[in-house]
Amino acid sequence: MAVRIDRADVSDLHQVLADHARYWGERDLRALHLTALVQEFGSTCLVARAEDGIRGYLFGFVTPDRTGYVHLIATRDDTRGTGLGRTLYEAFTAAARNQGAVRLKAITTPANTVSLAFHRSLGFQDRLVENYDGPDRPRVVFTRDLP
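To convert, note that position 112 of the sequence shown is 112 in UniProt numbering; the numbers rise steadily by one, no gaps.
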């Protein structure tokens, strides 16, 4: 089944939230899915669309210091391991470059070994930052310069 990468709109966000468990399992990350991201940064909020719905998505934006920041990336449970996450990152990178980005950045929790392996496979450097998200809330910060 063919998948195409499209700009996300608010109805896509609502569909993702309705199917939240298919992307995130038991982790409840609905509060991180901000409507304002899709409304204000639509060109860098992307969905991978197929006949059977949204297979994956990436919500990000470009900061004033020209960093393409990936806020969320997820693939549906029946699509993992197909390269779709990489495809979403490639599309985001192109969109971010078009807005002047010279580097990419993302964060995850130290326990998220799947995210750690995925971002390393994409060539990101990572470092642990203590208290990144508040007291006793360390995060792994990924960065990658764009050629």
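Note that the Cβ used here is the ideal one computed from N, Cα and C, for glycine as well.
Asked, Found
"So who's on the other strand from A2, going by DSSP bridges?", "According to DSSP, A2 bridges with nothing at all."
"Buried or exposed for G83, please, with buried defined as at least 16 other CB atoms from any protein chain shown within 10 angstroms of its CB.", "exposed"
"Can you name the start and end residues of the alpha helix (DSSP H) that Q39 belongs to?", "35 to 40"
"Return helix, strand or coil for F124, following the three-state DSSP convention.", "coil"
"Do L104 and G68 have their C-beta atoms closer together than 7 Å?", "yes"
"Considering only the alpha carbon of each residue, which of A18, G85, A101 lies closest to L46?", "G85"
"Buried or exposed for D28, please, with buried defined as at least 16 other CB atoms from any protein chain shown within 10 angstroms of its CB.", "exposed"
"Leaving out five residues on either side along the sequence, give the residues of the same chain with a beta carbon under 6 Å from the beta carbon of F142.", "A106, H119, F124, D126"
"Have a look at the DSSP bridge pairing and note the partners of A74.", "Y57"
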